[in-house]
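Step one of this worksheet: look at the structure below.
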Amino acid sequence: MSTEQIIADGATLGVVGAGVMGQTLLRGLLANGLVPRDRLWAGDKNAATCESASEALGIPVQKEFQQSIPAADVILACVKPLDAAAVMTTLVHAGMRPTTLLISILAGVSTEKLESLLGTQNPVVRAMPNTPCVVGEGMTVVCAGKNASSRDLARARQIFEGVGKCLAADETHFNAITALSASGPAYQYLIMEALADAGVRVGLPRHLALTLVAQTVLGAARMVLATGRHPAALRDDVTTPAGCTIAGLLILEDGRVRSVLARAVEEATRTAAHLGAPPKI
Ligand SMILES: NC(=O)c1ccc[n+]([C@@H]2O[C@H](COP(=O)([O-])OP(=O)(O)OC[C@H]3O[C@@H](n4cnc5c(N)ncnc54)[C@H](OP(=O)(O)O)[C@@H]3O)[C@@H](O)[C@H]2O)c1
């Protein structure tokens, strides 16, 4: 798919909310040249963020971004879930075109909710990325709202493929996806921290222990993705009879590591279902 297929001739792509994820997606778009620099813009309500993002990215990032909205063919909403209503109102009042594709990465905010906040027939695509997008190793899942075509979904996928992998899935899976891949890096960091501590416990310098752990996690992930083999089969390959790996694995099983991980994802899935709503105090 060429640049012209992501945005129409003469049109622009705008990002509303130039925080961590907004800047990351813009960096991906700039790096792979999918949209020319002079057709990208961003808006943020925080003046300091506008200044630092504009300097870092080399594109206009403005607090008064409303005047840029009518020229946009694609708008990426990258604000916090509780700011959804304010941003949808801004887009409509500023004259967003009826054909402009809205892509939202707001956790817990459904396409139906976004469509109703807009009150227009604009195509909407919902996406759930994760922070490894920052290093080009993100995992994003997208789904289409009722007015979005397969081409709209393909355009959205192309944007997220610039910062990692991107798959399409049914929206009914989004709370589970949020719990598994959007929250997932935090689980891995906790596990990596614990393993690095374990390395220190058995006498390794901390820096060496952490490097060993991080590269081992990366290598194991690549083995799963590159070979397509089941993790259990790969585990069997490194489990020699009466060896140290089976000794360590049995201690992990004693600690019920599988059910702890499953319960963590179950609880995060339940929590994800309420993310778009104001917190109950
Ligand atoms: N970070 C992740 O791992 C991750 C993963 C998947 C999905 N997401 C989703 O990505 C979204 C953004 O997350 P983030 O971590 O990038 O947040 P962030 O760093 O806080 O960025 C959001 C930015 O949007 C600005 N903003 C708020 N309301 C606005 C408005 N009405 N108009 C323009 N700008 C506005 C915020 O300004 P202020 O700071 O002044 O409020 C902030 O600079 C969230 O909805 C989250 O659910 C995040």
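Here our numbering is used: the first residue of the sequence shown is 3, the next is one more, and so on. Backbone N, C-alpha and C fix where the C-beta goes; we use that ideal spot for every residue, glycine too. Since the structure is predicted, the reported quantities are computational estimates derived from the model, not experimental observations.
Quick one: grab the DSSP three-state call for residue i.
i: ILE288; result: Nothing can be reported for residue 288, as the shown portion of the chain is limited to 3 through 283.
i: GLY201; result: helix
i: VAL37; result: coil
i: CYS246; result: helix
i: CYS52; result: helix
i: THR241; result: coil
i: LEU206; result: coil
i: ILE161; result: helix
i: VAL63; result: strand
i: MET3; result: Note that MET3 has pLDDT 48, beneath the 50 cutoff, so the model's placement of it is unreliable and the number below is only indicative. Looking at MET3 - three-state DSSP - the assignment turns out to be coil, as it is neither helix nor strand.
i: LEU192; result: helix
i: GLY19; result: coil
i: GLY45; result: strand
i: VAL144; result: strand
i: GLY166; result: strand
i: ALA86; result: helix
i: LEU277; result: coil
i: ASP75; result: strand
Between residue i and residue j, is the Cβ-Cβ spacing less than 9 Å?
i: ALA74; j: LEU119; result: no
i: ILE8; j: GLN160; result: yes
i: LEU27; j: LEU78; result: yes
i: VAL63; j: ALA20; result: yes
i: MET23; j: ILE107; result: yes
i: GLY221; j: ALA211; result: no
i: ALA44; j: SER56; result: yes
i: CYS168; j: PHE176; result: no
i: ALA150; j: THR113; result: yes
i: PRO207; j: PRO134; result: no
i: GLY97; j: GLY138; result: no
i: PHE67; j: ASP85; result: no
i: LEU116; j: GLY147; result: yes
i: LEU32; j: GLY60; result: yes
i: TYR189; j: ALA279; result: no
With 9 Å as the threshold, decide whether the Cβ of residue i is near any Cβ in chain C.
i: ALA211; result: The question asks about chain C, but that chain is absent: this structure has only one protein chain.
Please look up how many angstroms separate the CB atoms of residue i and residue j, rounded, as I've assumed it's under 8 Å.
i: LEU251; j: THR241; result: 7 Å
i: ALA198; j: VAL219; result: Not quite, the Cβ-Cβ distance comes to about 11 Å (not below 8 Å), so this is no contact.
i: PRO83; j: ALA49; result: Incorrect: roughly 23 Å between the Cβ atoms, too far for contact.
Any heavy atom of ligand 3 closer than 8 Å to the beta-carbon of residue i?
i: ALA170; result: Absent from the structure shown: ligand 3. Ligands present: ligand 1.
Ignoring anything shorter than 3 residues or poking outside the segment 102-142, list the beta strand (DSSP E) runs there in chain order.
103-106, 126-130
Taking 8 Å as the threshold, find out whether the segment 5-15 comes into contact with the segment 127-134 through three or more Cβ pairs. With a cut-off of 8 Å, the segment 127-134 and the segment 5-15 do not count as touching, because too few Cβ pairs lie within range.
*asked:* Quick check: the segment 135-147 against the segment 35-42, are at least 3 beta-carbon pairs closer than 8 Å?
replied: no
- Pairing CB atoms from the segment 180-195 with CB atoms from the segment 266-274, are three or more of them under 8 Å? yes
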